[in-house]
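Contents: one structure, followed by commentary.
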Amino acid sequence: MSGQERSSVGNANWHVIVGGEPRGPLAFTELLALVRGGTLTPEDKVWEPGEPSWRPASEIEGLFVPPPTMAGQALAAKAPGDEVVQDENGSSDFASGPRPHLSGSEVATAAPAVRANYVVRHWRGELPLGVAYWVNGFLGNIATTAIVFAILASTSDSRNLIIPVVALLATWISVVIVIVWQVVGTWRSANRSTRHGWAALAMLMIIGGVVKDGHMLVKQAWPQLADAFQAAIGDPDFGPRGVRTLRDGTELEISGGFARGQADVFRAALANAPKAHVVHLDSFGGRVAEAVQIRDMIIARGMDTFVAKQCQSACIIVFLGGQRRWLAAGAVLGFHSASFGGVDYVNQDFRSAFSAAGVPAWFVTKALGTPSSSIWNPSVSELINAKVVTEVAPDEMFAVSGYGPAPTGETLKKALNSEPDLQAIRKADGSHWSELEDTWVQTGLKGLPISDFSLALRSHMHAASERLRRQAPDDVTLALADLMFRELNVLQKADPELCWQYLRSGGIDLTKYLPQDLVTLEVTVMNQILVEGTKNPTQPPSAELGGRLIEKALLLAVKDGVDLKKLSKNLADDAPHALLCPAYAQVLMSASELPPEEDAAFIRYILTHGF
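The numbering of the sequence shown is numbering that gives the first Met the number 0, which starts it at 0 and goes up by one.
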C-alpha cells in the first residue's frame with residue numbers, strides 16, 4: 000500500500016460508482032463491507048481525492064486481498080466457541096478443533112476470500128457483459144429449449160397421463176426462473192459496463208428477448224399445460240366415447256376420442272367377448288398413449304380392424320394393429336403429425352405402427368409431414384398400395400357401426416332419413432317408410448349385419464319402383480328395358496323357374512344370383528324410376544295405341560326369323576315356365592328396333608297390361 004493509501008484507510012474520503020450510481024465519501028472499512036456484501040465488485044470504479052482518475056476497485060491494495068496486518072487482526076479476533084491457548088511467552092493463539100494454526104506470515108500469503116458462486120455472481124451482475132449475454136443468455140436459451148423439447152418427447156405419450164402435468168409444470172416453472180435469472184443478471188452487467196454502446200445494444204436485445212419469451216409462455220407453455228391437464232382429467236371435451244359389443248359378441252366397436260381410460264374400457268370389453276375377432280373404429284383420434292395400448296391388445300389377440308366411416312390421427316395406430324385391415328366403401332382414413340399443446344412433433348409410436356404394418360417410406364413421410372392443423376385423406380388405391388388397408392369390405396360383411404357408442408332409435412332414424420341416396424325411396428314409399436325405419440333401428444341397436452336391412456330396403460324399392468315404372472320418362476324406361484333384358488338372360492341360365500318367378504311374382508333377392516355390376520345397375524335404375532317417376536310422370540299409352548305397338552314389336556320379331564305363333568304361345572300365362580323368359584327377352588330385343596319414343600311407350604304398356 001502506498002503512503003497515501005495507508006494514511007487514508009481510516010479516513011472517510013473514498014468514492015465509488017456501484018450500479019451506475021456514485022457513493023461516498025466512505026471509509027475504507029465501509030468499502031470492505033461492500034466487498035463482503037457483494038455490492039462492490041473488482042470492476043467497479045473507485046476514487047479518492049488526490050488521485051488523477053477513477054480506477055477499478057481491483058487495483059486498490061488490501062480491498063480484495065487483505066494486507067498482512069489486517070488479516071492478522073482478523074484472526075486475532077476471538078470467535079465464539081474458540082479456545083484461547085497461551086504459549087510459554089504469554090502470547091495467545093486459537094484452537095478450533097482440528098484446523099491447523101496459521102501464523103501471521105502464512106495468513107499474509109493465504110488465498111483471497113471466497114467469492115460468491117457463479118449463479119450468484121451472474122444475478123448480481125458481477126460477470127463481464129459478454130459472458131452474461133452470450134454464455135448465460137444466448138447459449139443458455141438453446142440449452143433450455145433442448146431440455147424442454149426432450150421432456151415433451153418423453154412425457155407427452157406417457158402411459159400414466161398424470162406424469163405430463165407434473166413434468167411440464169416443473170419444467171415451465173424452471174424455465175421462468177431461468178429466464179428471470181438471465182434477464183436480471185445480464186441487465187445488471189450491462190448497467191455496469193463501461194462500453195456504453197455495447198451495453199445499450201445488449202439492453203435492447205434483452206427487451207426483445209423478454210417479449211419473445213412472453214410470447215413463448217403464452218403460445219407454448221400455457222397450451223401445453225392445459226393440454227396435459229385435460230389429458231389427466233380424461234379429456235371431457237372429447238365428447239361421448241366408449242366400446243360397444245356387436246353381432247352377438249363376435250365384433251366390437253370403439254367410438255369417440257381416445258381419452259384417458261379408453262384402453263381400460265376396451266380391455267374389459269375384450270374380457271367379456273372371448274369370440275370377438277373384429278374391431279370397428281369410428282374415431283377422430285386422441286391420445287397416442289391410449290391408442291398404443293389398444294393396438295397392442297388387438298395384435299396380441301390377432302384381431303382384424305374395420306372402419307365404416309372414419310378413423311383419423313391417433314386412431315390410425317389402432318387400425319394398423321389389425322391382422323387384416325378392412326375399409327368400407329366411402330370410409331375415410333386421415334393422417335397428420337402428432338401434436339401436443341399445439342406443437343407438432345415426430346412421434347415414434349406412429350413410426351413403429353407404420354413400420355410393423357410394412358408401410359413404405361414415401362407414405363410415412365407424407366403422413367407425418369402433414370401438419371396437425373390439417374388432414375391428409377389418401378385415396379383407396381393409395382391406401383391399398385401402401386399396405387395400410389388390406390381390402391375393401393363388401394357392404395354386408397360386418398355389423399352396422401359408426402353411429403356412436405350408444406345409439407338410440409331416434410338417432411338411427413335421423414341418420415337414415417338424412418341419407419341423400421334414400422330420399423327418393425322415402426318419398427316414393429309413402430306410408431311403408433316407417434316399416435323400413437323400424438327394421439333399420441333394430442339392425443343398428445342390436446349391432447347386426449346390414450344384410451337384413453338391405454333385403455328390406457330392396458323389397459321396398461322394388462315395390463315402389465314397380466308402382467312408378469309404368470309412368471317413368473322415356474330415358475329411364477329404356478334403361479329399365481336394357482336392365483331387364485340382361486337380368487332375364489342371367490336368371491334363365493341359372494334357373495328357368497327362377498326367371499319365370501322374377502317376371503310373374505317377383506320377391507326374389509337378385510343379389511344372390513346377379514353379378515355385382517348388374518346389382519349396382521339395378522339400384523341405379525330403381526333410384527331413377529323413384530325420382531323421375533315421381534317428379535316427371537309419363538302415363539302409359541292407351542289400349543288402342545298399346546295394341547298397335549305390340550303388333551309392331553311382334554312383326555319385327557318375325558322379320559328377325561321368329562315364329563310368331565310360337566312366340567305368342569310362349570308369352571301366354573299358361574305357357575311352360577321354362578319358355579317364358581326367352582320369349583320375353585326376344586320381344587324386348589325386337590322392340591329396341593322401334594323409334595325410342597315408341598319403344599319406351601311399348602315398355603310402359605306391357606309393364607302395365609302385359610301382352
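Glycine is no exception: its CB is placed at the ideal position from the N, C-alpha and C atoms. In this text, all values refer to a predicted model and were calculated from it rather than measured experimentally.
Whole angstroms is fine: what's the gap from T38's alpha carbon to V15's? Stepping through the sequence shown from its first residue, residue 38 is reached at position 39. Stepping through the sequence shown from its first residue, residue 15 is reached at position 16. Taking the straight line joining both Cα atoms gives about 11 Å.
Relative to the alpha-carbon of V524, which residue among T369, R503, D481 and A366 has its alpha-carbon at the smallest distance? What you label residue 524 is simply residue 525 of the sequence shown in a count that begins at 1. Measuring from the Cα of V524, the nearest candidate turns out to be D481.
Among E596, P495 and D451, which residue has its Cα nearest to the Cα of P472? For the purposes of this step, residue 472 is taken as the residue at position 473 of the sequence shown. Selection E596, P495 and D451 evaluated against P472 yields E596 as nearest (Cα-Cα).
Can you check the segment 308-333 for any beta strand (DSSP E) of at least 3 residues that lies completely inside it and give the ranges in chain order? If we require 3 residues or more, the beta strand (DSSP E) runs fully inside the segment 308-333 come out as 324-327 and 331-333.
By the 10 Å Cβ neighbour count, where 16 or more other Cβ atoms means buried, how is A227 classified, buried or exposed? Start at 1 with the first residue of the sequence shown, and residue 227 comes out as number 228. By the neighbour-count rule (16 or more Cβ atoms within 10 Å), A227 is buried.
Using 8 Å for Cβ pairs, my map puts V317 next to I297. What's the rounded Cβ distance? If you number the sequence shown from 1, residue 317 lands on position 318. If you number the sequence shown from 1, residue 297 lands on position 298. With a Cβ gap of about 7 Å, V317 and I297 count as contacting.
Would you say G368 and S336 are within 8 Å of each other, going by their C-beta atoms? Position 369 of the sequence shown, counted from the first residue, corresponds to residue 368. Position 337 of the sequence shown, counted from the first residue, corresponds to residue 336. Closer than 8 Å, so yes.
Residue environment, I141, which counts as buried when at least 16 other CB atoms sit within 10 Å: As a position in the sequence shown, residue 141 is number 142, starting the count at 1. Exposure of I141 is indicated by the presence of fewer than 16 other C-beta atoms within 10 angstroms of its C-beta.
Per-residue DSSP class, three states only, for L280: Reading the sequence shown from its first residue, position 281 is the one you call residue 280. For L280, the three-state secondary structure derived from DSSP is strand.
Let's see if you can read the secondary structure: which residues bound the beta strand (DSSP E) around P24? By 1-based counting over the sequence shown, the position of residue 24 is 25. That run of the beta strand (DSSP E) goes E20 to L25.
What residue does the alpha helix (DSSP H) around T40 start on, and which one ends it? On the sequence shown, position 41 is the one that residue 40 refers to. Note, T40: premise wrong, no alpha helix (DSSP H); not H, not E.
The beta strand (DSSP E) with R243 in it runs from where to where? Here the question's residue 243 lines up with position 244 in the sequence shown. Start and end: G241 to L245.
7 Å Cβ shell around P63 - same chain, five flanking residues per side excluded: The sequence position of residue 63 within the sequence shown is 64, counting from 1. Note that residue 63 is Phe in the sequence shown here, rather than Pro. Non-local beta-carbon contacts of F63 in its own chain, meaning distances under 7 Å to residues more than five positions away in sequence, involve V34, P41, S57 and P111 in chain order.
Rounded to the nearest angstrom, how far is the Cβ of N376 from that of G408, given a contact under 8 Å? In the sequence shown, the residue the question calls residue 376 occupies position 377. In the sequence shown, the residue the question calls residue 408 occupies position 409. So it is not a contact: roughly 32 Å between Cβ atoms.
Quick check on the DSSP output: the alpha helix (DSSP H) that includes E592 runs from which residue to which? In the sequence shown, counting from the first residue as 1, residue 592 sits at position 593. For E592, there is no enclosing alpha helix (DSSP H), as DSSP marks it with neither H nor E.
Is S312 near E395, with beta carbons less than 8 Å apart? Walking along the sequence shown from the start, residue 312 turns up at place 313. Walking along the sequence shown from the start, residue 395 turns up at place 396. No. Outside cutoff.
Take the Cβ of A78 as the centre, count every other Cβ of all protein chains shown within 10 Å, and call the residue buried at 16 or more, exposed below. Your numbering for residue 78 matches position 79 in the sequence shown. Residue placement at A78 cannot be trusted, given a pLDDT of 42 that sits under 50; what the coordinates show is reported in the next sentence. Exposed, since its Cβ has fewer than 16 Cβ neighbours within 10 Å.
Cross-strand partners of I16 (DSSP beta bridge): In the sequence shown, counting from the first residue as 1, residue 16 sits at position 17. As a beta-bridge residue in DSSP terms, I16 pairs with P21 and K44.
P495, DSSP secondary structure in three states: Residue 495 sits at position 496 when you count from the first residue of the sequence shown. Of the three classes helix, strand and coil, the one that applies to P495 here is helix, per DSSP.
Residues that DSSP places opposite R615 in a beta bridge: Lying outside 0 to 610, the shown extent of the chain, residue 615 is not represented and no answer is given.
Nearest to V209 by CA position, among F137, D508, S354 and Y117, is which residue? Residue mapping note: residue 209 aligns to position 210 of the sequence shown, counting from 1. Answer by Cα proximity: F137.
Rounded separation between G609 and A327 - CA only: On the sequence shown, position 610 is the one that residue 609 refers to. On the sequence shown, position 328 is the one that residue 327 refers to. Note on geometry: alpha-carbon atoms of G609 and A327 lie some 41 Å from one another.
Where does V165 sit, in a helix, a strand or coil, going by DSSP? Here the question's residue 165 lines up with position 166 in the sequence shown. Note: V165 maps to helix in three-state DSSP.
Keeping to the same chain, check which residues put their C-beta closer than 7 Å to that of R266; ignore five residues upstream and five downstream. Numbered from its first residue, the sequence shown carries residue 266 at position 267. Within the same chain, R266 has close Cβ partners M296.
Return the CA-CA distance between G49 and G129, expressed in angstroms with no decimal places. Stepping through the sequence shown from its first residue, residue 49 is reached at position 50. Stepping through the sequence shown from its first residue, residue 129 is reached at position 130. A straight line joining the alpha-carbon of G49 with that of G129 spans about 33 Å.
Which whole runs of the beta strand (DSSP E) in the segment 528-588 are 3 residues long or more, in chain order? Look at the segment 528-588 and you find no whole run of beta strand (DSSP E) that is 3 residues long or longer.
D562 versus L477, G196 and S589, residue with shortest Cα-Cα distance: As a working mapping, residue 562 is identified with position 563 in the sequence shown. When only C-alpha atoms are compared, the closest one is S589.
By the DSSP assignment, the alpha helix (DSSP H) with L415 in it spans what residues? Sequence index remark: in the sequence shown, residue 415 carries index 416 (1-based). That run of the alpha helix (DSSP H) goes G408 to N416.
From the DSSP secondary-structure annotation, give me the bridge partner or partners of V621. Because the chain here runs from 0 to 610, residue 621 falls outside it and cannot be looked at.
Going by beta-carbon coordinates alone, are Q261 and R240 separated by less than 8 Å? To locate residue 261, count along the sequence shown from 1; it is residue 262. To locate residue 240, count along the sequence shown from 1; it is residue 241. Going by C-beta atoms, Q261 is nearer than 8 Å to R240.
When the Cα atoms are used, what is the spatial distance from D474 to P419? One-based indexing of the sequence shown puts residue 474 at position 475. One-based indexing of the sequence shown puts residue 419 at position 420. Rounded to whole angstroms, D474 and P419 show a C-alpha spacing of 22 Å.
Going by beta carbon distance, what residues of the same chain come within less than 7 Å of V440, once the five residues before and after it are set aside? Reading the sequence shown from its first residue, position 441 is the one you call residue 440. Contacts found: G408, L411 and K412.
Do the CB positions of G184 and N116 come within less than 8 Å of each other? Here residue 184 corresponds to residue number 185 of the sequence shown, with the count starting at 1. Here residue 116 corresponds to residue number 117 of the sequence shown, with the count starting at 1. In this structure, N116 does not lie closer than 8 Å to G184 by Cβ.
Helix, strand or coil: which one does DSSP assign to G285? For this step, residue 285 is matched to residue 286 along the sequence shown. It is a strand residue.
From what residue to what residue does the beta strand (DSSP E) around E250 run? For this step, residue 250 is matched to residue 251 along the sequence shown. E250 to S254 is the extent of the beta strand (DSSP E) around E250.
Three or more beta-carbon pairs under 8 Å between the segment 477-494 and the segment 532-550, yes or no? Segment contact: the segment 477-494 against the segment 532-550, fewer than three CB-CB distances shorter than 8 Å; contact not assigned.
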